[in-house]
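For my numbering, count along the sequence shown from 1 and bump the result up by 75.
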Amino acid sequence: MPVYTEEGEALKKQSRCHGVRVDLKACLRDSDCVKQGGNMRGCLKLQQVPQDCINLATLLFECKRALLDNRQRFRERRGY
C-alpha cells in the first residue's frame with residue numbers, strides 16, 4: 076500500500092515496520108482525541124482512539140518484536 080506525503084511524494088521505506096508506523100501516525104492524527112488537543116501516546120494508552128488504531132499499534136509492536144527475534148533470521152521477515 077503506497078503512502079504519500081502532503082506534497083504527493085512517495086515516502087521511502089526506511090525499515091521493515093515503516094509502513095505500519097506511517098499508517099498508525101495517520102490514524103492517530105485523524106482521531107477525535109488528538110483533534111481535541113490530546114497527544115498521540117496518551118490517547119492510545121487510554122484507548123480513546125478507533126479500534127483500527129489499536130490494531131495498528133499491536134501490529135507495529137509485533138513487527139518490532141519480530142526484528143529482534145533470532146528465530147526470524149531463518150524465516151522470511153514480515154513486511155507490511
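Idealized CB from N, CA, C, for every residue including glycine.
Because the structure is a prediction, the values reported are computed rather than measured.
Handout entry: Option in Leu-142, Thr-133, Gly-117, Leu-121 with minimal Cα separation from Asp-98
Key = In the sequence shown, residue 98 corresponds to position 23, counting from 1. Answer by Cα proximity: Thr-133.
Practice task
From the DSSP output, in three-state form, read off Gly-117 for me.
Solution key: What you label residue 117 is simply residue 42 of the sequence shown in a count that begins at 1. For Gly-117, the three-state secondary structure derived from DSSP is helix.
Problem - Segment contact flag, the segment 98-115 with the segment 124-139, C-beta cutoff 8 Å, min 3 pairs - result: In the pairwise beta carbon analysis, the segment 98-115 is classified as touching the segment 124-139: at least three pairs are separated by under 8 Å.
Practice task
With a 10 Å radius around its C-beta and 16 neighbouring C-beta atoms as the bar for buried, classify Gly-112 as buried or exposed.
Solution key: Taking the first residue of the sequence shown as position 1, residue 112 is located at position 37. Around the Cβ of Gly-112, a 10 Å sphere holds fewer than 16 other Cβ atoms; the residue is exposed.
Practice task
Please decide whether Ala-141 counts as near chain D, where near means a Cβ-Cβ distance under 8 Å.
Solution key: In the displayed structure, chain D is absent; only one protein chain is listed.
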